[in-house]
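Sequential numbering of the sequence shown, starting at 14, is according to my numbering.
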Amino acid sequence: MSDQLIAIHERLMAATTEKAKASIRNFVPHAEKVYGVTMPLLNELAKEFKTGGFPLVKELWKSGAYEERILAAKLLGKVCRKDPVLSLQLAERFSKDISNWAVCDAMGMQALKPVAGKIREEIFLLAEKLVLSDNPWQRRYSLVLVEVFTKDQTAGKRIGRLVQELEKDEDYYVRKAVSWIKRNLSKGR
Numbered sequence: 014m015s016d017q018l019i020a021i022h023e024r025l026m027a028a029t030t031e032k033a034k035a036s037i038r039n040f041v042p043h044a045e046k047v048y049g050v051t052m053p054l055l056n057e058l059a060k061e062f063k064t065g066g067f068p069l070v071k072e073l074w075k076s077g078a079y080e081e082r083i084l085a086a087k088l089l090g091k092v093c094r095k096d097p098v099l100s101l102q103l104a105e106r107f108s109k110d111i112s113n114w115a116v117c118d119a120m121g122m123q124a125l126k127p128v129a130g131k132i133r134e135e136i137f138l139l140a141e142k143l144v145l146s147d148n149p150w151q152r153r154y155s156l157v158l159v160e161v162f163t164k165d166q167t168a169g170k171r172i173g174r175l176v177q178e179l180e181k182d183e184d185y186y187v188r189k190a191v192s193w194i195k196r197n198l199s200k201g202r
C-alpha cells in the first residue's frame, strides 16, 4: 500500500459521518464498503493526489470502497491526458467491477472525458462491445461512455444504435440510462 493510499484512507476515515453514509445508502442502494464522506472531499482529494497518477488510480480501484472507486474515476480524469490508451484500458478493466450507478456514471462521465475527442473511435468500439455484456452495469456504462458525444450530430446514429440495443433491457438502471441518453440526444446536449 503506497503512502498516498494510506494518507487517503486516513482522510476518508477522519471525514466519515453517519449522515453522509445514510445519504449514500439512500441514493446509491447498491453501494458497497461505504466510508460516508461528502463529494467535495473527494473532489479535493482528486486535486491533491493527482501526482499519484495511474499507480494510485489502480490502487484506489483495487481497494474497492465506494468512495475509493469514485476517487479513482475522478483521478483518472485528471491524469488521462498523459496516456489516453492506458486510460481506456483501465476503464475497460474497471468496468467489470462496477456495482452501482454512481461509480458507473463517474467512470463514464469523468474518467475519459478530457481525452474523449482524441480516442473517440476507441470509446465507441468499447461501448459497442460492452452493450452486449451480460453485466447490467457494463451495459449502462456503454451508454454513459458516449454521453459526451450526444452534442455531436455526427455521433447521433451510432449512439442511437447503442440505445436501440438496450431500449427493452430488463435492468432498471440500464433503462434509466437509455432515457437519459435519448433525452440528451433530442436536446442536442
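C-beta: ideal position from N, C-alpha, C; glycine also.
Inter-residue Cα distance where the pair is residue i and residue j
i: arginine 171; j: glutamate 180; result: 14 Å
i: glutamine 17; j: phenylalanine 40; result: 29 Å
i: leucine 145; j: tyrosine 79; result: 25 Å
i: glycine 130; j: tyrosine 185; result: 30 Å
i: glutamate 31; j: threonine 51; result: 11 Å
i: glutamate 105; j: alanine 33; result: 29 Å
i: serine 199; j: aspartate 165; result: 11 Å
i: lysine 109; j: glutamine 151; result: 7 Å
i: leucine 88; j: aspartate 182; result: 31 Å
Continuous alpha helix (DSSP H) stretch holding residue i: start and end
i: asparagine 56; result: 52-61
i: glycine 66; result: 66-76
i: glutamate 178; result: 169-179
Spatially closest choice to residue i from the options, by CA coordinates
i: tyrosine 48; options: Gly77, Gly173, Ala190; result: Gly77
i: valine 187; options: Gln166, Lys164, Leu143; result: Leu143
i: leucine 26; options: Ser36, Ser15, Arg38, Leu54; result: Residue 26 is actually methionine in this sequence, not leucine. Of the listed residues, the one whose Cα sits closest to methionine 26 is Leu54.
i: alanine 190; options: Asp118, His43, Glu81; result: Asp118
Buried versus exposed call for residue i [16 or more other C-beta atoms within 10 Å across all chains shown]
i: leucine 138; result: exposed
i: threonine 240; result: Outside the shown range of the chain (14 to 202) lies residue 240, about which nothing can therefore be said.
i: isoleucine 19; result: exposed
i: proline 68; result: exposed
i: asparagine 56; result: exposed
Three-state class that DSSP yields for residue i in the structure shown
i: asparagine 113; result: coil
i: isoleucine 132; result: coil
i: alanine 86; result: helix
i: alanine 20; result: helix
i: aspartate 118; result: helix
Neighbour flag for residue i against chain D, beta carbons, 7 Å
i: asparagine 148; result: Absence of chain D from the displayed structure is noted, only one protein chain being present.
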